[in-house]
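Right, here's the structure in full:
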């Protein structure tokens, strides 16, 4: 009797085709985190190929130069129109805020547009969905790729601000640990908000392309991006303090421009009223960012799961909705 | 076989009537030769027909009320608070509010018109449009008209609510000119949209990216949140080519006639003249570019290839 | 190998041809090398004809139909629809034609079937009320009454194609272009669409149809004349019967007998019989378990059958079943191209295989014999 190839034995692990020709249950066993990581990395690569525009000068110019720079210049001109250039610290305030908003816009639009693109344009959403890849991992992967685009835009805007707009900046004063912590937590929050928008876009029409920008515009109001929260009415300030983006922007400012203008604290601010302090410390920023980010992430995942169920129930995953 | 009227009423049965036949003609030549009135009425009906899905979509899927009205109002409010933080004169709040309202029309032009033909191609509708007898400009007018319902709702909401909440006071001396400038701005915007639609059709997927280029950079050079005179030469160039820039500047001068307005831009009457010229130029150019680019698309076989 | 290649000999005041294609060539400039989709096509379709373009994927059918529907310009040559030039008189053509393609996913998902069709009726200039009435009539005619108020995005493939068909009839076209209209449809849906096409043609017999398909049976069933297309050229043109006669000059019958004394040799000696062979493997049995004999008979023509039947009686054989075997259009294609449709699909177009395009389209006796013997070989 000849020996049986171990790979063909009925009890062979992995994906071996069983000698008795039946179904191999090994194929239905996933590999847990390995598969999730694989899905994520593949999605990042795919997103990078689709979104990355380093080799296309026009696309690079549009997404990494023109858009973020224009946003910053709008605010700089508004500032100069009123103050006549007399407040350079405010110029740093608006330039940093505007530059960081590139991350927000990229991250939020990345996930939402992935849903709309793959459903309406490429008609691939259903195939991604029914593949064994973890759908959330795929979405986050595509979102991360887009954040990379935003990162380049943010860097260029900051560089232009320092070189041409006289934003005072000293690289030796950067608080690197704070920067790293805040960036990690903040980007996770951005992706969470993007996931929330993606969940909404799963239910809406093709014309939802503008929703991420609309949402980013609204968050712009309450996140202390280009003006201190103290300017807002107190109830609106409370919304801002509950938003992880507010703490993220504040943390980046603390890290890059220690001692600079605070968006959260200051006279008339809700934070100062509640805490008595003129501005939050680095530790407070990290802790609150972690807490608000966690809540945002959990809420986003819950909304996404609910939207996912509704989409399956109503057959929305492969619809096209043009008008 | 029975027929139903457009109100769903059952009409009288027409036994024996051939359901396939409609206004039979003696020959295909007779059917092919339309009178100018037939051509005009077909294009007019096309405008209404193409607007129909846009308008019905608004009532069937209502998320736009939140995303296209409430959130933009909040975005406009952000710039209002920037000026408040800077303790700017009150008319600057009005500038931002007016700019925020006009944003609605600009976004309608670039998202719902400029790249719409490219979208129609990827959906498979474009070749059906070109195979039909109406002019493609009528289709674009219809899209614009349909999108105008949402844009005007958004603009009105931003204007009315922001004016009430932030206490903006307008001071208008020349209502007729203000309304005329507003209508001319819309006409010029939509004419530009039609021209962009034909260009984007040929540029294919780049159209998506070019639309992105027309958001913040155009906001900046159009002086959406500040008087365009502050941009100097750049502002002058913008006024001569961008309907949003010249229209917004003219409307600001007319809407806040009593307050100090930075010098450096033409008077509203002159800017109205610039808008008239833009309307003519854009509509003529769009007709020309659509014809040329249709021929190019037919020559290169691009009317029905989805991935281009 | 071309359709006509000759100037139209009709009187000047005659109705122009529905489709008049002369020397059409279409080259797509793609990388790595240009693709010649149409390579000198001539075609003449009379008004009122149901004309088919039959060929595998990549043959050039869709390219030709896009040229004729004014969506694509030819690289060379001219084409006219009822005398109107496809390059310069597009407006006139678009007023009198319509088109439906298979696998269409066009439309606006958010609209109902009724609304979608009404919108298109406006593009063809129908007054509003007329448009609604016509839409309702066509919805009834195509059998979508229950889906009238259903959103387009919720339609099945077959329902969507019926809706597309209704859209194609809104303007009561003088010429109807159908580009693989049953592509992707199940058997019932495809039959339903074919029946609609025939019903329309019967209702308006003066209208012209150009159908492209790679389904042989569909072309055979629907078309008055067929052009077989491959590699951008028309290889053969004629009615389905004429095309089949190219590969089979004789009439072939399959006959089941209760007995056959003297074997097939006895049959071969009968007048009118060209050849006879047993159908191997088909030893049928009757209800009472008697063995029967199935024979393939090739006769000089159908008229010889009567004499053969009489002679069989003389041999003591009783006929239990008789049916005629006809070659299919695929046999015609194989004869012309040297491969079956499936092989073309599997292997893809071969731009270097030009030798078959130079083969005489009449076919020679040897090739016909080979085809006949092949059939008989298969069954006997």
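Residue numbers (this note's numbering), protein chains in the order written: chain A, 1 to 323; chain B, 324 to 631; chain C, 632 to 1011. Just so it is clear, CB atoms sit at the ideal spot from N, CA and C, and this is done for glycine as well.
- Within the same chain, and ignoring the five residues on either side of residue 145 of chain A in sequence, the residues whose Cβ sits closer than 6 Å to its Cβ are 44, 47, 48 and 51.
- The beta carbon of residue 258 of chain A is closer than 7 Å to those of 173 and 175 in its chain, skipping five residues each way along the sequence.
- Looking at the backbone, the Cα of residue 471 of chain B and that of residue 658 of chain C are separated by about 42 Å.
- Chain B has no Cβ within less than 8 Å of the Cβ of residue 144 of chain A.
- Your pair residue 699 of chain C and residue 858 of chain C does not check out as a contact, with CB atoms roughly 13 Å apart and the cut at 8 Å.
- For the 8 Å CB-CB criterion, residue 710 of chain C and residue 670 of chain C do not form a contact.
- The Cβ atoms of residue 167 of chain A and residue 253 of chain A do not sit closer than 8 Å to each other.
- Linking residue 895 of chain C to residue 865 of chain C through their CA atoms gives a straight-line distance of about 41 Å.
- Of all residues in the segment 363 to 381 of chain B, only 364, 365, 368, 369, 371, 372, 373, 375, 376, 379 and 380 place a beta-carbon less than 8 Å from a beta-carbon of chain C.
- The alpha helix (DSSP H) runs of length 4 or more contained entirely in the segment 513 to 593 of chain B are, from start to end of the chain, 529 to 536, 539 to 544, 556 to 564 and 566 to 578.
- Judged by DSSP in its simplified three-state form, residue 707 of chain C adopts strand.
- At least one beta carbon of chain B lies nearer than 8 Å to the beta carbon of residue 204 of chain A.
- With a 10 Å radius around the Cβ and a threshold of 16 neighbouring Cβ atoms, residue 385 of chain B comes out exposed.
- When beta bridges are read from the DSSP output, residue 604 of chain B appears opposite no residue.
- Neighbourhood of residue 772 of chain C in chain B, by CB distance below 7 Å: 342 and 343, in chain order.
- For a Cβ distance threshold of 8 Å, nothing in chain B lies close to residue 675 of chain C: the least Cβ distance comes to about 16 Å.
- Counting only Cβ-Cβ distances below 7 Å, residue 737 of chain C has contacts in chain B at 446, 447, 448 and 451, in chain order.
- In this structure, C/796 is the residue among C/796, C/946 and C/756 with its C-alpha nearest to the C-alpha of residue 771 of chain C.
- At the C-beta level, residue 878 of chain C and residue 758 of chain C stay beyond 8 Å of one another.
- Within its own chain, no residue has a Cβ closer than 6 Å to the Cβ of residue 741 of chain C once the five positions on either side in sequence are excluded.
- Shown here for residue 595 of chain B: same chain residues with a beta carbon closer than 7 Å to its own, the five before and five after excluded, namely 500, 503, 504, 507 and 573 in chain order.
- At least one CB of chain A lies nearer than 8 Å to the CB of residue 390 of chain B.
- Under DSSP, the beta-bridge partners assigned to residue 494 of chain B are B/579.
- When the Cα atoms are used, residue 554 of chain B and residue 402 of chain B turn out to be separated by approximately 18 Å.
- Here the alpha carbon of residue 416 of chain B sits roughly 45 Å from the alpha carbon of residue 617 of chain B.
- Residue contact with chain C for residue 431 of chain B: absent (no Cβ-Cβ distance below 8 Å to any residue of chain C).
- Contact between residue 963 of chain C and residue 875 of chain C is confirmed by a C-beta separation of about 6 Å, below the 8 Å threshold.
- Per DSSP, the unbroken beta strand (DSSP E) holding residue 654 of chain C starts and ends at 650 to 659.
- For residue 419 of chain B and residue 295 of chain A, the gap between their C-alpha atoms comes out near 34 Å.
- Nearest to residue 604 of chain B by alpha-carbon distance, out of B/516, B/526, B/571 and B/575, is B/516.
- Taking a C-beta distance under 8 Å as the contact criterion, residue 243 of chain A and residue 275 of chain A do not qualify as a contact pair.
- When CB distances to chain A are screened at a threshold of 7 Å, not a single residue of the segment 470 to 496 of chain B falls below it.
- Residues 770 of the same chain have their beta carbon placed closer than 7 Å to that of residue 776 of chain C, with the five preceding and five following residues left out of the count.
- Here residue 798 of chain C is buried, its C-beta having at least 16 other C-beta atoms within 10 Å.
- Around the Cβ of residue 810 of chain C, a 10 Å sphere holds 16 or more other Cβ atoms; the residue is buried.
- Within its own chain, the residues whose Cβ lies closer than 7 Å to the Cβ of residue 67 of chain A, once the five positions on either side in sequence are excluded, are 153, listed in chain order.
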